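**Q** Numbering (UniProt numbering), first residue to last: 1 to 154. Ideal Cβ positions, reconstructed from N, Cα and C, are used throughout, including at glycine. In this text the structure is predicted, and so the values were computed from the model without any measurement.
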């Protein structure tokens, strides 16, 4: 699974404003609704339900919210960079400004977990996070996210 297989340029917001975690998730839900043809309320409810089980704030200003959605036939992603970080109950208690949301079909098995692991691993790279924060356009963000990087385990 490559990031380019699940994230297209039209699912990237290079600048978004949200005063709270819920509003940030609503921005993600609106983009997902437009791109995937699924009601934004359904997407938001699925994201909030997952957040209620435990925050998807993984640290260093990054969150990786995820949900399974009826109507999807493959893994899909949405990326949002917030103008101002918001409290997200992250593991390191730092506010979040980079959100990479993943959406899976209801029957996705290990593909969903592999995608989560890949995105989380990728966004642990400090240089990538900094470049994402400086990128000005969805095209620039997309290029950063889809480029192949050496594995941190190597």
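Which residue wins for smallest C-alpha separation from residue 124, given the options 18, 41, 136, 64?
**A** It is 64 whose Cα lies nearest to the Cα of residue 124.
**Q** Compare the beta carbon distance of residue 24 and residue 18 with 8 Å and say whether it is the shorter of the two.
**A** Going by C-beta atoms, residue 24 is nearer than 8 Å to residue 18.
**Q** Give the straight-line distance between the Cα atoms of residue 62 and residue 140, rounded to the nearest whole angstrom.
**A** Approximately 18 Å between the Cα atoms of the pair.
**Q** Measuring straight from C-alpha to C-alpha, what distance separates residue 147 and residue 137?
**A** Straight-line Cα distance between these residues: approximately 16 Å.
**Q** Quick one: measure Cβ to Cβ for residue 116 and residue 132, integer angstroms, because I've assumed they're closer than 8 Å.
**A** Residue 116 to residue 132, Cβ: 18 Å. No contact.
**Q** Should residue 73 be labelled buried (16 or more other beta-carbon atoms within 10 Å of its own) or exposed?
**A** Burial call: exposed.
**Q** Please identify the residue among 103, 36, 60, 66 whose C-alpha is closest to the C-alpha of residue 53.
**A** Residue 66 is the option with its Cα nearest to residue 53.
**Q** Between the region 33-48 and the region 84-94, are three or more C-beta pairs nearer than 8 Å?
**A** Because the criterion of three Cβ pairs below 8 Å is not met, the region 33-48 and the region 84-94 do not touch.
**Q** Between which two residues does the alpha helix (DSSP H) harbouring residue 6 extend?
**A** 3-6 is the span of the alpha helix (DSSP H), which, as asked, contains residue 6.
**Q** Whole angstroms are fine: how far does the CA of residue 128 sit from the CA of residue 151?
**A** Residue placement at residue 151 is poorly supported in this model, since its pLDDT is 48, which falls under 50; the coordinates still yield a value, given next. Roughly 13 Å separates the two Cα atoms.
**Q** Any chance you could list the beta strand (DSSP E) runs of at least 3 consecutive residues sitting entirely within the UniProt domain "PTS EIIA type-2" (5-148), in chain order?
**A** For the UniProt domain "PTS EIIA type-2" (5-148), whole beta strand (DSSP E) runs of length 3 or above, ordered along the chain, are 12-16, 57-59, 66-68, 76-86, 96-104.
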